[in-house]
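Reviewing the structure listed below.
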Ligand code: MN
């Protein structure tokens, strides 16, 4: 539907009763003349485009010159008309605006980064003359994005990318949220239809549930506000698609939590009401500590003002409520454009110059001729994207990363394999630790080793979604691999007791029947189930044996050696990432809670848990070692053997027993061995809670008169 000039004039007159309608008509007639016969790709007359841009300018309550310039913004570029024609017909003000927009034309350069730098530089220069030029350019882009569907596909992607890189951040910096949101969602749609649809479907499918929740929250808020006599308007609606998408990327989540999609807003008449309303919100729901933001006291650089209260909502979920006045709301939605609308009302204490300090700085920078394009862009981008950093590869390629990124983030942004094989990094030629935080402008070089593998601790050092997801995928895969390996060994070991082998039963097809019976897809799945102790190896082997042999089967001793603790899922041990695994405690070093431990994948007997300093581990192949931890939630008693040299003196045993009794330590076993006249070696097996208790017990023993020495021994 083509916009009509009458509608635009009416819209302008609504906010500007003294508007020079004749001038607008003149601009319209001139535009109609120069674009006569031209057709948009949509099939509409070309004139529909300048009319739509003019309507957008009117929506933002811009002045008559801006409306005229909008009507003529493509006239000089796309027809025979000249700037002089425009000056003659409509005056210098309009002509300068038209000229400003015309000068921000597309340029062709070798790299995307250079094109961006150049067009940004031009825009900034244009703004130096008149900020209305930028608003005009944004409106022009917005309408082109709305009609982008008529463009060929490759052009769609380029234009959408440019919009996301330059125009949407510009709209954000100017505080025109309404345009920013639309530009981002349209770009998102054309750049990544798959994810766009995913987000859209999610928002649509959760509608009923969401509306119910929104109504409940709105109801509770309205009731509470009324009770305190605060007049307000309350809204609750989904955030825009692109911001939901970014959130899922940042948190590496699927769009699952519907509360995350929502933004609640309370709009009140006056400033003092904001803080009162905040009090009401905090009395309704518990605030999340450290999450409150006061952008009223400290406005954002794009003039945005609001209170952001983060609370645990009625269902105990995290929820954000934004509180602001009508005026703040207007500025939040329309930013710089609201300036014209609130010209009189905006309090005079904040000078326009201060508000646009960032803009003035940009303009000054852009006028320094000595600054080269990429240097300028670096400083500009820092300002446009406060959450991003820009670093360089050794070849000078720019990589965009979230603020706080480390060399590991960088490595994964180059290539997953580079990330996986990272062993070190140089920043600006100097070796840095992998946790080093990168800054915009850094040149980063990654040192790799093809044998190197990602480490779970890296997850604590990265901030980019890409690095995070690649590392966790690797770690998961690695652990799964280890559990297959473990499961196979357990199975094979069990089979060999019956003169079978895993290889043999796989080859002769007998294993297939078992897989089918237990409903496993393949051997990997079965091995994993065995490793995770979901199915016992004996059950599997039993299916491979004739019936009578199965009955004679005895519990193999080595599955649960006496005194070595409960073998299966002892409960006290957590194997990282793997649950319910077959674990046993090594007898050589008898680890105790509180001591560092390491798992060792044995051949066929699950994971044996040693003290990390146990010398046995030194002789073990690295692949068989596994990270394990004590599970503090499971109280456990471990047998520990003490060996004591005792002077043969009556009563010493009673003292030992007494000392242990006061510490409530149970004696499991005691034996004595007289080694020489006067000295007896006493061996005790005690049930000990943790390393701390053992320390106390040893100290107590050494304090007993007659005890020459006391130390820990292998079981
Ligand atoms: Mn245009």
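Numbering (this note's numbering), first residue to last: 274 to 988. Yeah, the Cβ is synthetic: ideal placement off N, Cα and C, and Gly gets one too. Nothing here was measured: the structure is a model prediction, and the numbers come from that model.
For residue i, which residues of its own chain have a beta-carbon under 7 angstroms away from its beta-carbon, when the five flanking residues on both sides are left out?
i	result
residue 327	281, 340, 343 and 344
residue 548	none
residue 983	915, 917, 971, 974 and 975
residue 412	326, 329, 330 and 343
residue 739	685 and 686
residue 315	420 and 423
residue 618	Because the pLDDT of residue 618 is 40, which lies under 50, any placement of that residue in the model is unreliable, and the question is left without a value.
residue 677	710 and 736
residue 667	716 and 718
residue 305	320
Quick one: residues in its chain with C-beta nearer than 6 angstroms to the C-beta of residue i, no 5 flanking neighbours on either side, listed in chain order?
i	result
residue 826	Bear in mind that the predicted position of residue 826 carries a pLDDT of just 40, short of 50, making it unreliable; the figure below should be weighed with that in mind. Around residue 826: no qualifying Cβ.
residue 973	932
residue 294	282
residue 980	917, 919 and 974
residue 566	581
In angstroms, rounded to a whole number, what distance separates the CA positions of residue i and residue j?
i	j	result
residue 599	residue 512	20 angstroms
residue 517	residue 461	11 angstroms
residue 794	residue 871	32 angstroms
residue 792	residue 729	32 angstroms
residue 333	residue 420	20 angstroms
residue 713	residue 665	9 angstroms
residue 949	residue 798	59 angstroms
residue 509	residue 710	38 angstroms
residue 832	residue 809	Residue placement at residue 832 is poorly supported in this model, since its pLDDT is 38, which falls under 50; the coordinates still yield a value, given next. Those two C-alpha atoms are separated by around 11 angstroms.
residue 772	residue 818	10 angstroms
residue 347	residue 318	14 angstroms
residue 473	residue 514	7 angstroms
residue 366	residue 507	42 angstroms
residue 572	residue 543	16 angstroms
residue 703	residue 784	56 angstroms
residue 311	residue 586	56 angstroms
residue 361	residue 353	15 angstroms
residue 436	residue 595	28 angstroms
residue 503	residue 546	7 angstroms
residue 879	residue 886	20 angstroms
residue 988	residue 720	46 angstroms
residue 745	residue 458	29 angstroms
residue 441	residue 409	14 angstroms
residue 488	residue 476	16 angstroms
residue 672	residue 727	21 angstroms
Using a threshold of 7 angstroms, is the CB atom of residue i nearer than that to any non-hydrogen atom of the ligand MN?
i	result
residue 693	no
residue 326	yes
residue 372	no
residue 308	no
residue 513	no
residue 322	yes
residue 1028	Here the chain has residues from 274 to 988 only, and residue 1028 is not among them.
residue 730	no
residue 346	yes
Once you ignore the five residues that flank residue i on each side, which residues in its own chain have a CB closer than 8 angstroms to its CB?
i	result
residue 707	679, 680, 681, 695, 697, 698, 731 and 734
residue 289	334, 336 and 337
residue 890	871, 873, 883 and 898
residue 901	846, 847, 848, 849, 856, 870, 871, 872, 880 and 882
With residue i as the anchor, note down where its alpha helix (DSSP H) starts and where it stops.
i	result
residue 592	No alpha helix (DSSP H) contains residue 592, which is instead part of the beta strand (DSSP E) from 591-598.
residue 710	Here residue 710 belongs to no alpha helix (DSSP H), and DSSP marks it neither H nor E.
residue 431	426-435
residue 779	775-780
residue 410	404-419
residue 445	441-446
residue 725	First-last for residue 725: undefined, no H or E at that position.
Going by DSSP, what residue range makes up the beta strand (DSSP E) through residue i?
i	result
residue 582	580-585
residue 883	880-884
residue 960	952-961
residue 761	Not the beta strand (DSSP E): residue 761 falls in the alpha helix (DSSP H), residues 738-769.
residue 719	717-721
Counting only beta-carbon separations shorter than 8 angstroms, does residue i have a partner in chain D?
i	result
residue 410	The structure shown contains no chain D; it is built from a single protein chain.
CB of residue i to nearest heavy atom of the ligand ATP: below 7 angstroms?
i	result
residue 413	Annotation note on the ligand ATP: not contained in the displayed structure, which lists the ligand MN as its ligands.
For the segment 892-922, which segments carrying the beta strand (DSSP E) assignment without a break, of at least 3 residues, lie completely within its bounds, in sequence order? 898-903 and 911-920
For the segment 481-562, list the alpha helix (DSSP H) runs that are entirely contained and at least 4 residues long, ordered along the chain. 514-524 and 544-557
Runs of alpha helix (DSSP H) lying entirely within the segment 319-385, each at least 4 residues, in chain order: 321-332, 337-344, 348-351, 356-363 and 365-376
Which runs of the alpha helix (DSSP H) spanning at least 4 residues fall entirely within the segment 789-816, listed in chain order? 796-804 and 810-815
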